[in-house]
Each structure stands twice: as structure tokens, then as C-alpha cells.
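Here's the structure we're looking at; comments come further down.
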Ligand code: AMP
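Residue numbers (this note's numbering): 86 to 200.
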């Protein structure tokens with residue numbers, strides 16, 4: 086699987102509205118937001134999807150993605166009201182960008198099931 090647009094965002098070759106960054110994780114606002122808060126939280130290493138993850142190898146990295154989500158949710162004042170974290174994996178889930186990303190959605194009542 087080749088490089089995606091998210092690699093260019095990580096290298097700051099194309100602009101993004103970055104809301105969080107550390108040595109392993111980057112988070113930026115989704116260009117096509119589905120909720121008042123819609124942030125994509127990604128690892129800086131290029132892993133295509135959840136399919137390529139396993140707890141033994143990636144457990145620490147996954148923890149860092151969750152820590153980032155909690156930190157951003159607090160910063161954006163949606164932590165108390167609640168929020169949703171979503172990984173779309175593969176074609177049936179509608180994954181478009183094959184660089185692992187976790188959607189953080191909030192700021193409105195979210196429907197369930199998501200469709
Ligand atoms: P997914 O369908 O889970 O692969 O989600 C990919 C997401 O990336 C979509 O919500 C897009 O709106 C978002 N996206 C694509 N390109 C960009 C970009 N350059 N900056 C911010 N978000 C993007």
C-alpha cells in the first residue's frame with residue numbers, strides 16, 4: 086500500500102488544521118466534518134488500517150491514540166457530554182484513506198446505529 090495524503094500532512098507538505106501533536110501522534114480537523122467536532126487522530130508511522138494492527142506490537146501506540154483523543158475531547162469541551170471514536174476498516178466500512186486514523190466525533194447528539 087503506497088503513501089497517502091496523510092503522510093504529506095505529517096511532513097507538513099500540505100496544510101491541515103492541527104490540534105494535537107507529539108512524537109508518535111498527529112491530530113487534525115477533518116476537511117469534511119460530520120459533527121461540530123470532527124478530528125482525525127493518526128499515528129505518524131504509516132499503518133494502512135486496523136487489519137494490520139495487533140495488541141502485542143501496537144498496544145502502546147494505540148494507548149497514545151486514546152490519550153490524544155481524551156486530551157483533545159477535554160480541550161474541545163466535549164469530554165463531559167460525550168463523544169464517539171471510530172475506525173473505518175476496509176471497503177465495507179467506507180475507509181477512503183489507507184493510513185490508520187481514528188475519527189473523534191462530538192459536539193452534537195450522535196445517532197446509533199450509525200448506518
Ligand atoms: P475514512 O472514510 O475513515 O477513510 O475517512 C477519511 C477521512 O479523511 C474523511 O472523513 C475525509 O473527510 C478526511 N480527509 C481526507 N483528506 C483530508 C485532508 N486533506 N485533511 C483533512 N481531512 C481529510
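Beta carbons are placed, not taken as given, at the ideal position from N, Cα and C, and that holds for glycine.
The criterion of a C-beta distance shorter than 8 Å is satisfied by residue 104 and residue 113. Excluding five sequence positions before and after residue 169, the CB atoms of its chain that fall closer than 6 Å to its own CB belong to 190, 195, given in chain order.
When DSSP states are grouped into helix, strand and coil, residue 138 belongs to the coil group. Residue 127 places its beta carbon 8 Å or farther from that of residue 188. In terms of side-chain proximity, the C-beta atom of residue 155 is found no nearer than 7 Å to any non-hydrogen atom of ligand 1.
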